[in-house]
Every structure is written in C-alpha cells, then in structure tokens.
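Before any comments, here is the structure.
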Amino acid sequence: MSRVRRTPVVSTVTFAAVMFLWIPIALVVLFSFHSTGSLTFPFRGFSLRWYREVLGSEEVQRAALNSLTIALASTVSTVLLGTLAAYGLSRTRSRWRPAVAVLFFVPLTLPGLFLGISLLVFFREAKASLSLVTVTIAHLVYVLPYFLLIARAALDRLDPVLDEVAADLGATRWQTFRRVTLPQVWPVLVGAGLLSFALSFDEFIITFFVIGPDSTLPMYIFSQLRRTVDPQINAIATLLLATVIALFAVTFLVTVRASSSRRRLALTDLTGGGA
Amino acid sequence: MSKAQRQSRLDPLWSSLPAAALVGFFVLVPLAIFAVYSILTSRLFEVSGPVTTRNFSDALRSNLNRSLSRNSAEIGLLAAVFSVGLALPMAFWMRHGAKRARAIVMFAVVASFMTGYLVRIYAFRTVLGTSGVINTVLLRLGIVDHPVEALLFSRISVTVALVHIFLPYATITLFAAMAPLSTSYLEAAEDLGANARQRWSRLIAPIMFAPALSTFVLVFVLSASDYVTPQFLGGTNGATIGTQVQVAFTGAGDFGAGAAVSMLMLVAFMICYAVGVGVPRLLGLGRLRFMS
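Protein chains in written order, with our numbering: chain R, 3 to 277; chain A, 751 to 1042.
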C-alpha cells in the first residue's frame, strides 16, 4: 500500500508543536531535581531535596489525600451513573431523547467559571457549607458529561442485532447488558473512567469557588504560585505527571491484554469516536 | 407474560434518569439562581429585592468592562486561531504520518493533555519570566543586555499558555473528526493529479470545516472566560473580563454586578456557539458523510 505523501510543512509544524508542548514541561521536570532554588540555567547539579520537602510536608499530604478522595468518589459515581445514562440514551426510542442529550451537553459547553460561580451561589442559597462534599458534587456534574460522551459513542457502535438475538433467546435486559453489551465495551468504560479521574484530580477552575477551607493539590499549587516560585512546585508537578502517565500506561496494558485484539482502547475513544 | 416482555415495556431512557436529575439539579437550578442574582440589588456579599436592571445598565456602560472584554476577545481569538491552526496539521500528520513516529506523537499529545492546568501556567512563568529560561539564555548569549519584560505579564504570555493548554484537546478532537478522511481518498486525489494545495482546499477543507469551526468556538469560549492564566501571566495589560467576574464573587462581593456581566458573557458565548453550528449548515457542510 502506498502511503499518502506528506508535505514538509505538515511535518515541520507537527514537530514544532510537539516541541512547544513538551519543552516547558521538560524544563519543569528538570528543575525539580535542581540542587539550588534557581529555576533557570546554568544547571548546578541534581538533588532530591525538593522531593523530600514536598513529600514531608503535612499540608501536601493532606491536599493529596483530599484530591484522591474527591477524584475516587466522583469517578465511581460517574462510572455508575454515566454507564446507566449512556445505555439509556443509546437504546431508547423515546421522543425525549434529544432533550436529555442536550441536558448532558450543557456542562460541556459552559465555561468552568460560570459552573463554579453558579454552584457557589446555589450552595449559599441552600445554606450548605462548602466542603469536600460540595467539591465532589461539582466534579461529578463536570466530569459526567465527558464520560457519557465517550461511553455513548462506544455503545452506539455496537451491532444492535446482538441485543435482539439475546432478547429472542429469552435474556432479560439486565442479562443482555451483563453478558452481551458489557464484555464488548468495558475497556472503553475503564478508559473513560480513567479520564474522569484525571479530570477531577486536576480540576481547579470550578473547585476554587466551591471548596471552602479545605485544600486539594491544584489548590495547594495555586496558593504556592501566589506566594513564591520555587522548585517545590516543580517536584509536585513532576509527581502529578508521573502518576497520570503511569495510570494511563497501566490501564492501557490491562485493557489491551484483556480484550485481546477484539476491541482496543483507541485514542479516538477519548473524544467520543469521531463526529 | 415473561419477565423479558414485561421489562421491555419500560423505555431504556429511564436508566438515564438519575444522571439527568443530578445534572438538572446541580447545573440548571444553580444557573437559574445565578441569573436571578443579576437582576437583584447588590449589597456587600448579599443580594436582595427589589428587582432592578441597574446591574445590566452599569455593566454595559462601564469603560473598564469594555476594555476587559476586548482583552478577553483578543486573547480568545488568538488562542483559538493558533490552537486550531496547529492542531489541523498535527491531526493530519497523526492520521497519515510514518507509523512509529505516529505512536510517539500520539503519546506526546495525550500525555500533555493530561498534564495539569496549573502546571502549564507555572511552566510558562518559569520559562518567560524576567529571570526565566528564555531571558537568562538571551542575556548569556549577549542578544539582549537586560531581561525582556514583555515576555511575561502581557497578553502574549497569556495567549501562549492558553494555546499550550488547549492544543492537545484540539488535536485529539480534530484527529477523531478526520476519520472519514481515509487514505484511499487522498490517494485518489493524488492519482487524479491534485497537488498539495488542491488536496487541502478541495478535499480536506470541506470535510474538516465543521469540526474545525466547532473546535475553534469552544477554544475561544474557554480561553476568553479563563480567569486563572491572566492572573499569573497577564499583568495589568492582560487582565480579562473573567478575572473581573471572579473578583466580584470572591473579593469585591458585588454579586449583582458579577452576575450581570456573567449573563452578558453567556449570551455572547451562545451567539458564538450558534455561529459555530449554523455557518457550516448554511454552507451545506454540516452533514458531510463519506464512506471510509
């Protein structure tokens, strides 16, 4: 098969863009290992002192634990509610379908600033004090539509005949879902769940308005950024980056192996597979 | 009647109810309250009756708001132009590039998509600052004799960081949208004697117009409403309408004014979305479908 001829312009732009994306991040990682507090060249040697400081800080530990709790809680709820909702939207013949689909689209198009402020105002009026619970609720409604978009695209790609066959053979809807649908889509659901986790773990724009006195890792970075700029932030950033990449690698391997070559988690799944 | 038959009477849409109720209750209701705030009289960290249109007339008359909105629009437009402008060739390359390099680029894009939002803002602060990497390198090389301050605390630095934030997202979206643009089409175009420019204008552009425009609008809206990047990278010239709204709710306590400005922004954004959906339809490019 002959390959499409690529123009040098496209290759050059791609190369430059990848450099643009990674050079600043690579510098952050590099200077997290700096032996001095300087964040610029010349590089004066490696040291783990900033990691020791960060990992030893109680404030960071508490923030990390909060971030983890919120991300786990909102991801588990998102996967459960989102899978149900995606299944309903993809199988229904109801005339209400477009209205429900649009409802789930609203948080995707609404800038985080407005989602954050309107939730702040809402919790004020409801006399609910701001806490990790309000943050989890905010993350849930922010992340759920992304999960839904991906899950729905995966469900829509399935052959509907399989459902009918299962029904003809006397399977209940739950049995069909459990034995026919789920085995085909679970790698995508796991991938989408992971994306939900990563989105929640990194969320700042909305969290800022609904968090109250507690802290999360992004909130901690924000407060540090306002005070000083020192390699501690580099160390936290590097740890976050390593965590997310490791999570992705593990999920990718697990889903690819488990689903053999049948249905692999693809990059396009992240965006709801085309369209 | 068997269990299966009984079940099939209940429409599957019911299983969407819990999630729909949640989103309705925690998104639509809060938005409605937020909208009501914009027509109430504002006191310090408080709103109350009577109903008034003053928040809106003040917001529209304010010169500060006007110049901040202009800043936001400029930042948003530039960020959208560069994000989509870079994402299109990247997405194309990811579909049709050399196999091994393609995997590396894909990984680079997805991994940077997962890199923290504040981390990227921070990265540009350390790169562009007066004692940042670019300035110290320029000084050492003797190209400049004092640090270039314009690199940081300007609209340029805000835009550069926003492009960094939204480029991976734009690339992944456009990559997915390129699915119908199969190799066989490009080969056919080539066999028929189309040169690179003709391939872009006759084949790629019509297919990619609608997804590129919707990505453009989304990046514009998200960049123009961003309130964190300008705080850290914008300086005084880079302040935006988003930072103004944030301050109204967290610092100044003028809820009515903040809500009115927000509602005006929302209307402007909705017009943008309508244009993003409407223009491809008017041009007959909204529903292009090819067999792939």
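Virtual Cβ for every residue (Gly too), placed ideally from N, Cα, C.
Owing to the predicted nature of the structure, the values given are computational and were not obtained by experimental measurement.
- Per DSSP, residue 97 of chain R lies in no beta strand (DSSP E) and is assigned neither H nor E.
- With respect to the 7 Å criterion, residue 198 of chain R and residue 149 of chain R are classified as neighbours on the basis of their beta carbons.
- Note: residue 792 of chain A is bridge-paired with A:797 in the DSSP secondary-structure output.
- Residues of the stretch 220-249 of chain R with a Cβ closer than 7 Å to any Cβ of chain A, in chain order: 220, 223, 224, 227, 231, 235, 239, 242, 243, 246, 247.
- For residue 993 of chain A, the enclosing alpha helix (DSSP H) stretches over residues 991-1000.
- Annotation: Cβ neighbours of residue 875 of chain A in chain R (cutoff 8 Å, chain order): 227, 231.
- Within chain A, the C-beta atoms nearer than 8 Å to that of residue 109 of chain R come from 773, 777, in chain order.
- For the stretch 871-904 of chain A, residues whose beta-carbon sits nearer than 7 Å to a beta-carbon of chain R comprise 872, 873, 874, 875, 876, 877, 881, 882, 883, 886, 887.
- Contact note: residue 207 of chain R reaches chain A through 978, using a C-beta cutoff of 7 Å and chain order.
- DSSP places residue 189 of chain R inside the alpha helix (DSSP H), whose first and last residues are 184-204.
- Around the C-beta of residue 764 of chain A, fewer than 16 other C-beta atoms lie within 10 Å, and the residue is accordingly described as exposed.
- In the three-state reduction of the DSSP assignment, residue 903 of chain A falls in the coil class.
- Using a CB distance cut-off of 7 Å, residue 861 of chain A counts as an interface residue toward chain R.
- Boundaries of the alpha helix (DSSP H) harbouring residue 878 of chain A: 867-878, taken from the DSSP string.
- By the neighbour-count criterion, in which a residue is buried when 16 or more other Cβ atoms sit within 10 angstroms of its Cβ, residue 775 of chain A is exposed.
- At a Cβ-Cβ threshold of 7 Å, residue 203 of chain R and residue 73 of chain R count as neighbours.
- In this structure, DSSP gives residue 35 of chain R a state outside helix and strand, which the three-state scheme calls coil.
- Membership of residue 776 of chain A in any alpha helix (DSSP H) is not indicated, and neither H nor E is assigned to it by DSSP.
- In summary, residue 170 of chain R is exposed, with fewer than 16 beta-carbon neighbours lying within 10 Å of its beta-carbon over all protein chains present.
- Ranking A:822, A:932, A:861, A:811 by CA distance to the CA of residue 981 of chain A puts A:822 first.
- Under DSSP, no beta-bridge partner is assigned to residue 149 of chain R.
- Remark: fewer than three beta-carbon pairs, one from each stretch, lie closer than 8 Å, so the stretch 991-1010 of chain A and the stretch 884-901 of chain A are not flagged as touching.
- Flagged as an interface residue toward chain R: residue 842 of chain A, by a C-beta distance shorter than 7 Å.
- Taking C-alpha positions only, residue 976 of chain A is separated from residue 115 of chain R by approximately 7 Å.
- The stretch 896-907 of chain A and the stretch 916-936 of chain A do not touch, with fewer than 3 CB-CB distances between them shorter than 8 Å.
- With a contact defined as Cβ atoms closer than 8 Å, residue 834 of chain A and residue 1024 of chain A miss out at about 19 Å.
- Across the set R:183, R:34, R:227, R:235, the C-alpha of R:183 shows the shortest separation from the C-alpha of residue 162 of chain R.
- Within the stretch 124-145 of chain R, the residues whose Cβ lies closer than 8 Å to any Cβ of chain A are, in chain order, 124, 127, 139, 140, 142, 143.
- C-alpha of residue 245 of chain R to C-alpha of residue 785 of chain A: approximately 40 Å in a straight line.
- With contacts defined by Cβ atoms closer than 7 Å, residue 27 of chain R and residue 873 of chain A form a contacting pair.
- Look at residue 761 of chain A: its C-beta is under 7 Å from a C-beta on chain R.
- Contact of residue 962 of chain A with chain R is not assigned, every C-beta pair being separated by 7 Å or more.
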